[in-house]
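Note sheet for the following structure.
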Amino acid sequence: MESNNQTEQTKKQLRQVNDYVVCQVQLESCINFIQSIDNEKIFFVSSIFDTLKVLSHLENLPQIDSIFIFNWEQIDYEHLILDNSKLIGVYNELNLLCLSIQEQIDFLDQNLQTFR
112 MESNNQTEQT KKQLRQVNDY VVCQVQLESC INFIQSIDNE KIFFVSSIFD TLKVLSHLEN
172 LPQIDSIFIF NWEQIDYEHL ILDNSKLIGV YNELNLLCLS IQEQIDFLDQ NLQTFR
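The letter at position 100 of the sequence shown is residue 211 when you use the numbering used here, and the numbering goes up by one with no holes.
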């Protein structure tokens with residue numbers, strides 16, 4: 112689990128990309144929260160430590176638009192099977208993670224404008 116300082120820094124930087132950031136620690140409460148969302152798209156960020164536990168639960172949730180994995184301790188993840196159609200990438204640097212999230216937000220906005 113991330114240190115408190117690392118968690119706070121991560122949340123602070125994610126809020127610069129999108130001011131609505133929700134952090135969940137328990138898988139069941141996280142899934143319940145996601146399922147309670149209507150008419151919104153979720154960009155889901157997980158630590159590398161929780162990836163295997165959460166990916167299989169997220170694949171079929173229509174609220175999840177994109178999945179990002181933050182590997183802040185730069186752990187070797189090559190052995191992990193990260194096969195998920197919503198997975199955008201694994202990021203070792205917070206700046207690159209935030210940049211990728213912003214790109215996905217822009218892409219989603221462009222697609223929504225096309226259909227209006």
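Even for Gly, the Cβ is constructed at its ideal location relative to N, Cα and C.
Contact between residue 160 and residue 178 fails: their C-beta atoms lie close to 15 Å from each other, not under 8 Å.
Contact between residue 135 and residue 209 does not hold, since the beta-carbon distance rounds to 19 Å and is not under 8 Å. Bounds of the beta strand (DSSP E) holding residue 158 are 153–158. Judged by their CB atoms, residue 132 and residue 122 are nearer to each other than the 7 Å cut-off.
Within the model, the alpha-carbon separation for residue 218 versus residue 152 is close to 13 Å. CA-CA distance, residue 213 to residue 198, rounds to 15 Å.
Listed as beta-bridge partners of residue 196 by DSSP are no residues whatsoever. Residue environment: residue 162 is assigned as buried (16 or more neighbouring CB atoms within 10 Å of its CB, all protein chains considered). Distance between residue 205 and residue 211, taken at the CA atoms: about 10 Å.
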